[in-house]
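Trainee: One structure, pasted below without further comment.
Number of protein chains: 2
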Amino acid sequence: MENLEFLLENKKFQEIKAQLENLNIADIAAMFENIKNNQQIIILFKLLSKDVAADVFSFLNADTQEIIINALKDKEIESIMADLYMDDATDFLKEMPANVVKRILKNTTKENRDIINKLLTYPENSAGSIMTTEFIDIKQELTVEEAFNKIKKKAEDAETIGTIFVTDSRRKIEGVVSIKDLILANKTDVIKDIMNPNVVYSTTLTDQEEVSKLFDKYDFYALPIIDNEQRLVGIVTVDDIMDVVKDEVTEDMEKMAAISPSDNPYLKTSSLTHAKKRIFWLLFLTISASITGAIMSFFEDAFVAIPALVTFIPMLMGTGGNCGSQSATLVIRGLALNEITLKDYFKVAFKEFKVSLLVSSVLSVVNFFLVWIRYDDPLLAFVIAISLVIVVIISEFIGGGLPILAKKCKLDPAIMAAPIISTLVDCIAIVSYFLIASAILQL
Amino acid sequence: MENLEFLLENKKFQEIKAQLENLNIADIAAMFENIKNNQQIIILFKLLSKDVAADVFSFLNADTQEIIINALKDKEIESIMADLYMDDATDFLKEMPANVVKRILKNTTKENRDIINKLLTYPENSAGSIMTTEFIDIKQELTVEEAFNKIKKKAEDAETIGTIFVTDSRRKIEGVVSIKDLILANKTDVIKDIMNPNVVYSTTLTDQEEVSKLFDKYDFYALPIIDNEQRLVGIVTVDDIMDVVKDEVTEDMEKMAAISPSDNPYLKTSSLTHAKKRIFWLLFLTISASITGAIMSFFEDAFVAIPALVTFIPMLMGTGGNCGSQSATLVIRGLALNEITLKDYFKVAFKEFKVSLLVSSVLSVVNFFLVWIRYDDPLLAFVIAISLVIVVIISEFIGGGLPILAKKCKLDPAIMAAPIISTLVDCIAIVSYFLIASAILQL
Numbered sequence: 057m058e059n060l061e062f063l064l065e066n067k068k069f070q071e072i073k074a075q076l077e078n079l080n081i082a083d084i085a086a087m088f089e090n091i092k093n094n095q096q097i098i099i100l101f102k103l104l105s106k107d108v109a110a111d112v113f114s115f116l117n118a119d120t121q122e123i124i125i126n127a128l129k130d131k132e133i134e135s136i137m138a139d140l141y142m143d144d145a146t147d148f149l150k151e152m153p154a155n156v157v158k159r160i161l162k163n164t165t166k167e168n169r170d171i172i173n174k175l176l177t178y179p180e181n182s183a184g185s186i187m188t189t190e191f192i193d194i195k196q197e198l199t200v201e202e203a204f205n206k207i208k209k210k211a212e213d214a215e216t217i218g219t220i221f222v223t224d225s226r227r228k229i230e231g232v233v234s235i236k237d238l239i240l241a242n243k244t245d246v247i248k249d250i251m252n253p254n255v256v257y258s259t260t261l262t263d264q265e266e267v268s269k270l271f272d273k274y275d276f277y278a279l280p281i282i283d284n285e286q287r288l289v290g291i292v293t294v295d296d297i298m299d300v301v302k303d304e305v306t307e308d309m310e311k312m313a314a315i316s317p318s319d320n321p322y323l324k325t326s327s328l329t330h331a332k333k334r335i336f337w338l339l340f341l342t343i344s345a346s347i348t349g350a351i352m353s354f355f356e357d358a359f360v361a362i363p364a365l366v367t368f369i370p371m372l373m374g375t376g377g378n379c380g381s382q383s384a385t386l387v388i389r390g391l392a393l394n395e396i397t398l399k400d401y402f403k404v405a406f407k408e409f410k411v412s413l414l415v416s417s418v419l420s421v422v423n424f425f426l427v428w429i430r431y432d433d434p435l436l437a438f439v440i441a442i443s444l445v446i447v448v449i450i451s452e453f454i455g456g457g458l459p460i461l462a463k464k465c466k467l468d469p470a471i472m473a474a475p476i477i478s479t480l481v482d483c484i485a486i487v488s489y490f491l492i493a494s495a496i497l498q499l
Numbered sequence: 057m058e059n060l061e062f063l064l065e066n067k068k069f070q071e072i073k074a075q076l077e078n079l080n081i082a083d084i085a086a087m088f089e090n091i092k093n094n095q096q097i098i099i100l101f102k103l104l105s106k107d108v109a110a111d112v113f114s115f116l117n118a119d120t121q122e123i124i125i126n127a128l129k130d131k132e133i134e135s136i137m138a139d140l141y142m143d144d145a146t147d148f149l150k151e152m153p154a155n156v157v158k159r160i161l162k163n164t165t166k167e168n169r170d171i172i173n174k175l176l177t178y179p180e181n182s183a184g185s186i187m188t189t190e191f192i193d194i195k196q197e198l199t200v201e202e203a204f205n206k207i208k209k210k211a212e213d214a215e216t217i218g219t220i221f222v223t224d225s226r227r228k229i230e231g232v233v234s235i236k237d238l239i240l241a242n243k244t245d246v247i248k249d250i251m252n253p254n255v256v257y258s259t260t261l262t263d264q265e266e267v268s269k270l271f272d273k274y275d276f277y278a279l280p281i282i283d284n285e286q287r288l289v290g291i292v293t294v295d296d297i298m299d300v301v302k303d304e305v306t307e308d309m310e311k312m313a314a315i316s317p318s319d320n321p322y323l324k325t326s327s328l329t330h331a332k333k334r335i336f337w338l339l340f341l342t343i344s345a346s347i348t349g350a351i352m353s354f355f356e357d358a359f360v361a362i363p364a365l366v367t368f369i370p371m372l373m374g375t376g377g378n379c380g381s382q383s384a385t386l387v388i389r390g391l392a393l394n395e396i397t398l399k400d401y402f403k404v405a406f407k408e409f410k411v412s413l414l415v416s417s418v419l420s421v422v423n424f425f426l427v428w429i430r431y432d433d434p435l436l437a438f439v440i441a442i443s444l445v446i447v448v449i450i451s452e453f454i455g456g457g458l459p460i461l462a463k464k465c466k467l468d469p470a471i472m473a474a475p476i477i478s479t480l481v482d483c484i485a486i487v488s489y490f491l492i493a494s495a496i497l498q499l
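Just so you know, the sequences run in chain order V and W.
The opening position of the first sequence corresponds to residue 57 in our numbering, with each subsequent residue numbered one higher.
The opening position of the second sequence corresponds to residue 57 in our numbering, with each subsequent residue numbered one higher.
Pasting the structure below:
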């Protein structure tokens with residue numbers, strides 16, 4: 057709707073309503089993000105038909121949700137809360153200030169309030185915190201026809217009807233059937249005979265990253281979640297997992313760049329928060345780099361005798377850092393995708409060793425000639441070439457090894473990426489370089 | 057099945073068969089990966105019941121698939137090819153050597169062969185290359201009951217029945233209904249009245265990354281794909297998109313570490329290929345770092361006069377590189393998630409400027425005192441503190457700006473990450489540092 061602003065300003069509400077009818081929920085939600093005027097946001101929301109209002113609401117960002125909630129009457133809040141899926145309702149409440157939460161919960165049925173309060177107690181990033189309680193479960197004695205009747209009754213409120221769970225009287229999972237199984241079966245077939253009794257599930261406290269690995273492995277659309285008494289209490293659907301994957305990748309990338317991870321988008325994070333997220337590692341790394349500097353003092357005589365030696369420091373440090381971060385990135389990603397496991401330690405080490413021999417040969421030969429031509433000093437060129445070989449081998453070994461070591465120590469391998477490795481490799485590069493130079497050039 | 061090897065060696069085939077029945081497809085496939093003996097792989101595959109064989113086959117890696125295909129009779133290949141989904145069949149054929157492909161296609165029905173040959177023509181990473189042709193389409197005149205009958209007939213072969221597409225006689229899409237809509241409708245309702253006529257789709261040539269953004273925005277389970285004559289030719293399902301997301305992230309991370317991206321897992325890539333993927337950028341970066349070195353020659357007098365100046369090079373270069381890569385990572389990820397758009401250029405620049413002021417103040421103050429204490433020289437400490445402020449501001453500005461500039465030039469922002477930025481920042485850091493030192497210390 058390109059002329060939305062014009063229509064809102066000129067109060068052409070009927071026209072807006074007509075156009076809204078043809079739009080997808082996500083597209084309607086996207087329109088809200090472009091409106092600057094709070095009053096217009098509220099008007100637009102009130103123009104939505106009752107059957108899409110809650111759906112659209114769940115797609116909005118927290119700021120817009122707050123603007124709308126504050127403008128709604130108690131009754132309207134009640135209706136939204138009745139229509140929201142429980143996981144969306146919980147996500148939304150997590151973002152609201154306390155006084156708003158209080159007013160919302162006051163306008164929520166006791167049953168839903170209890171569910172929300174329960175969902176809010178699950179730890180961040182647990183399966184419980186992302187699951188929804190609106191699933192369909194049936195008993196195994198039902199016939200397919202009876203099952204369809206039950207599904208028909210519950211479908212409106214269920215987040216998915218693609219996967220139906222079979223539970224006993226204590227809500228323990230006994231099996232799973234897909235809607236496809238049911239459609240292909242005969243009306244008189246009994247669920248017990250067509251269900252798959254081999255159900256993969258997670259518990260409420262399983263980490264969401266583990267849950268996403270199950271979706272990746274099994275190509276699920278929905279996964280059942282059980283509590284510590286083995287009762288089915290919720291499901292996680294594949295669209296929630298898409299968000300999890302996105303968040304986990306962002307977190308990994310942030311860790312790899314030595315940033316403390318956060319959930320907020322770049323532009324919505326204050327400069328102070330940005331600075332706080334970055335300063336810890338920067339301080340740590342300046343101090344460790346100062347140690348490299350201190351070590352260099354031992355070689356002062358060498359670089360006062362041959363000042364040209366100093367001019368190779370950026371190249372050697374840079375190459376070490378880059379080689380290390382290449383290896384680290386490949387190994388960190390391989391570990392995240394389960395393509396590399398802890399027992400592959402020697403395979404990785406051996407491969408990095410072979411790669412570093414190949415890479416360093418090329419780099420040494422090229423740089424040997426570059427230095428020879430520029431300084432007309434084959435011995436200096438030789439020092440640089442040998443140093444490159446040593447620096448590259450050590451860097452790739454460290455880059456490939458540290459993430460695996462981190463995982464062995466139950467740390468996140470992603471923290472062992474470029475910044476940490478560069479700092480470590482810098483130190484080793486400088487020391488090797490000056491030792492080699494001192495030996496060969498007899499300083 | 058922990059004792060699988062034992063059972064295979066002792067030919068306890070009945071027992072294996074019995075145990076296989078209770079296992080999930082993905083779990084059965086995982087068992088194959090652990091068998092070292094090709095003969096046992098073939099035996100295990102032949103023990104699978106006909107209705108799961110093709111499904112399991114599609115989950116296997118290419119090496120295992122090749123071992124199995126080479127051991128199968130023509131008739132057995134024919135049966136597998138008839139049962140595979142077309143997208144899985146195409147993926148599998150892409151990985152096989154030419155002579156194997158020839159034999160497989162000889163044992164494929166003409167109809168499927170035509171579909172596969174068509175799918176193989178779509179460019180890599182296009183929607184056409186990941187779609188499947190096994191979808192369900194119905195006509196809008198049907199009643200819900202008639203639609204269910206049609207679905208029942210086609211369900212067995214369809215990759216998903218969650219989303220049903222409505223097409224006209226020329227196969228142009230007219231609408232979409234979910235299986236939930238159908239279940240909730242009355243038997244006598246006409247599809248036309250309950251379908252959603254507002255269909256989101258992609259074309260066969262759309263990049264898979266764009267397709268995955270649509271799934272992210274709309275929370276789809278399946279997206280229709282049309283050809284250039286607007287005809288529905290396939291669907292992409294959410295499980296394919298999970299793989300796309302994984303591959304795209306790996307590609308981004310590799311680019312960010314200055315590695316040419318590839319599709320193969322770390323351990324399955326030969327050392328020579330690894331070396332080739334890494335050498336281009338390393339060579340480029342050593343040469344650009346040599347330029348930084350050449351620039352340093354201009355300041356030889358300075359560091360011969362005060363050799364201690366050299367010992368701060370690693371810290372200043374490291375901090376510049378780390379600040380730059382922090383900013384670059386945040387901006388690259390923000391661009392990938394559409395949280396930052398091109399028109400946010402000034403907002404990003406301003407935010408990075410504020411962050412760099414905050415971060416550099418802390419770093420300068422800490423380092424000022426460290427240097428003062430160590431060298432007992434407040435003027436030298438002052439030089440380092442001022443240099444840090446300048447280096448951090450410039451690094452964050454470059455780190456935040458280059459990815460946006462890359463995107464403006466239609467390049468992938470991910471190439472503007474740590475390695476490129478470090479090399480650029482190193483050069484600027486060194487020059488600023490020596491200029492500041494020369495001015496303040498009057499060298």
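Positions of the beta carbon are idealized from the N, C-alpha and C atoms, including for glycine.
All figures in this text were calculated on a predicted structure; none of them were measured in a lab.
#1: Counting only beta-carbon separations shorter than 7 Å, does I220/V have a partner in chain W?
#2: Sort Y401/V, G390/V, I315/V by Cα distance to V415/W and report the nearest one.
#3: Using a Cβ-Cβ cut-off of less than 7 Å, list which residues of the segment 408-437 of chain W approach chain V; keep chain order.
#4: With a threshold of 16 other CB atoms inside 10 Å of the CB of I286/W, please say whether the residue is buried or exposed.
#5: Given that a residue counts as buried once 16 or more other Cβ atoms are within 10 Å of its Cβ, and exposed if not, what is N163/V?
#6: Does the CB of P469/W have a neighbour CB from chain V at under 7 Å?
#7: Are there 16 or more other CB atoms within 10 angstroms of the CB of P253/W, so buried, or fewer, so exposed?
#8: For a contact meaning CB atoms closer than 8 Å, what does P280/W contact in chain V?
#9: What does a CB cutoff of less than 6 Å around I450/W pick up in its chain, not counting 5 residues either side in sequence?
#10: Would DSSP call D130/W helix, strand or coil?
#11: Tell me the DSSP secondary structure of T262/V in three-state form.
#12: Can you check whether the CB of Q264/V is closer than 7 Å to the CB of E230/V?
#13: Classify K407/V: buried if its beta carbon has 16 or more other beta carbons within 10 angstroms, exposed otherwise.
#14: Entirely within the segment 126-170 of chain W and at least 4 residues each: give me those alpha helix (DSSP H) ranges in chain order.
#15: Taking its Cβ as the centre, do 16 or more other Cβ atoms sit within 10 Å of D272/V, making it buried, or is it exposed?
#16: Looking at V200/V: is its Cβ nearer than 7 Å to the Cβ of D245/V?
#17: With G218/W as the anchor, note down where its alpha helix (DSSP H) starts and where it stops.
#18: Please look up how many angstroms separate the CB atoms of Q382/W and G457/W, rounded, as I've assumed it's under 8 Å.
#19: From E122/W to V112/W, what distance separates their C-alpha atoms?
#20: Using 10 angstroms around the beta-carbon of L76/V, count the other beta-carbons present and answer buried if the total reaches 16, otherwise exposed.
#21: Which residues, in order along the segment 347-367 of chain W, keep a beta-carbon less than 8 Å from a beta-carbon of chain V?
#22: Within the continuous alpha helix (DSSP H) that includes P280/V, where are the two ends?
#23: Which residues share a DSSP beta bridge with L288/V?
#24: Assuming V232/V is part of the beta strand (DSSP E), what are its boundary residues?
#25: Going along chain W in order, which residues have a C-beta closer than 7 Å to the C-beta of T554/V?
#26: State yes or no: is the beta carbon of P20/W nearer than 7 Å to at least one beta carbon in chain V?
#27: What whole-angstrom Cβ distance do M309/V and T385/W have, given they're in contact under 8 Å?
#28: Just verifying my parser: in three-state terms, what is the DSSP assignment at F188/W?
#29: What residues in its chain sit with their C-beta under 6 Å from that of I157/W, if we drop five residues either side in the sequence?
#30: Taking the Cβ atom as the reference point for each residue, do R227/W and L161/W lie within a distance shorter than 7 Å?
#31: Select from D143/W, I492/W, I460/W the residue whose C-alpha is nearest the C-alpha of D170/W.
#32: Apart from the five residues on each side of it in sequence, which residues of its chain come closer than 7 Å, Cβ to Cβ, to G218/W?
#33: CB A331/V to CB V411/W, shorter than 7 Å?
#34: Nearest CA to the CA of E304/V: which residue from V418/V, L497/V, A470/V, L398/V?
#35: L398/W: which of I492/W, K324/W, L103/W, L461/W sits nearest, CA to CA?
#36: Quick check on DSSP: helix, strand or coil for N252/W?
Mentor: Reading from the atomic positions:
#1: By this cut-off, I220/V is not an interface position.
#2: Out of Y401/V, G390/V, I315/V, the CA that lies nearest to the CA of V415/W is found in I315/V.
#3: For the segment 408-437 of chain W, the set of positions with a beta-carbon nearer than 7 Å to some beta-carbon of chain V reads K410, V411, L414, V415, V418, L419, V422, N423, L426 in chain order.
#4: Before going further, note that residue 286/W is Gln rather than Ile in the sequence given. An exposed status is given to Q286/W, since fewer than 16 other beta-carbon atoms sit within 10 Å of its beta-carbon.
#5: So N163/V ends up on the buried side.
#6: Not closer than 7 Å to any Cβ of chain V, the Cβ of P469/W fails to qualify, so no.
#7: So P253/W ends up on the exposed side.
#8: Neighbours of P280/W on chain V: none; closest Cβ ~14 Å, over 8 Å.
#9: Cβ-Cβ distances below 6 Å link I450/W to I484 in the same chain, with the five nearest sequence neighbours on each side left out; the list follows chain order.
#10: In the structure shown, D130/W adopts helical secondary structure according to DSSP, grouped into three states.
#11: Under the three-state reduction of DSSP output, T262/V falls in the coil class, being neither helix nor strand.
#12: Going by C-beta atoms, E230/V is not nearer than 7 Å to Q264/V.
#13: Burial call: buried.
#14: As far as the segment 126-170 of chain W is concerned, its whole alpha helix (DSSP H) runs of at least 4 residues are 130-139, 142-151, 154-162.
#15: For D272/V, the number of other beta carbons within 10 angstroms of its own is at least 16, and it is reported as buried.
#16: Against a cut-off of 7 Å, the Cβ pair of D245/V and V200/V comes out as a contact.
#17: For G218/W, there is no enclosing alpha helix (DSSP H), as DSSP marks it with neither H nor E.
#18: That pair is no contact at about 14 Å.
#19: Roughly 14 Å separates the two Cα atoms.
#20: Under this definition L76/V is a buried residue.
#21: For the segment 347-367 of chain W, which is checked against every Cβ of chain V, the residues closer than 8 Å are T348, G349, A350, M352, S353, E356, F359, V360, P363, A364, V366, T367.
#22: Counting along the chain, P280/V falls outside any alpha helix (DSSP H), though it belongs to the beta strand (DSSP E) covering 278-282.
#23: According to DSSP, L288/V bridges with I282/V.
#24: In the DSSP assignment, V232/V falls within the beta strand (DSSP E) that extends over 229-234.
#25: The structure shown has nothing for residue 554/V, since chain V only spans 57 to 499.
#26: Residue 20/W cannot be examined here, being either before or after the span of chain W that is shown, 57 to 499.
#27: The Cβ separation is near 6 Å, so the contact holds.
#28: Correcting the residue type first, residue 188/W is Thr in the shown sequence and not Phe. It is a strand residue.
#29: Per the sequence shown, the amino acid found at residue 157/W is Val instead of Ile. Closer than 6 Å at the Cβ level, and outside the excluded window around V157/W, lie L149.
#30: Not closer than 7 Å, so no.
#31: D170/W has its Cα closest to that of D143/W, out of D143/W, I492/W, I460/W.
#32: Result list for G218/W: S234, I235, Y277, A278, in chain order.
#33: Yes; because the gap between Cβ atoms is below 7 Å, this pair is in contact.
#34: Minimum Cα distance to E304/V is reached at A470/V.
#35: Measuring from the Cα of L398/W, the nearest candidate turns out to be L461/W.
#36: Of the three classes helix, strand and coil, the one that applies to N252/W here is strand, per DSSP.
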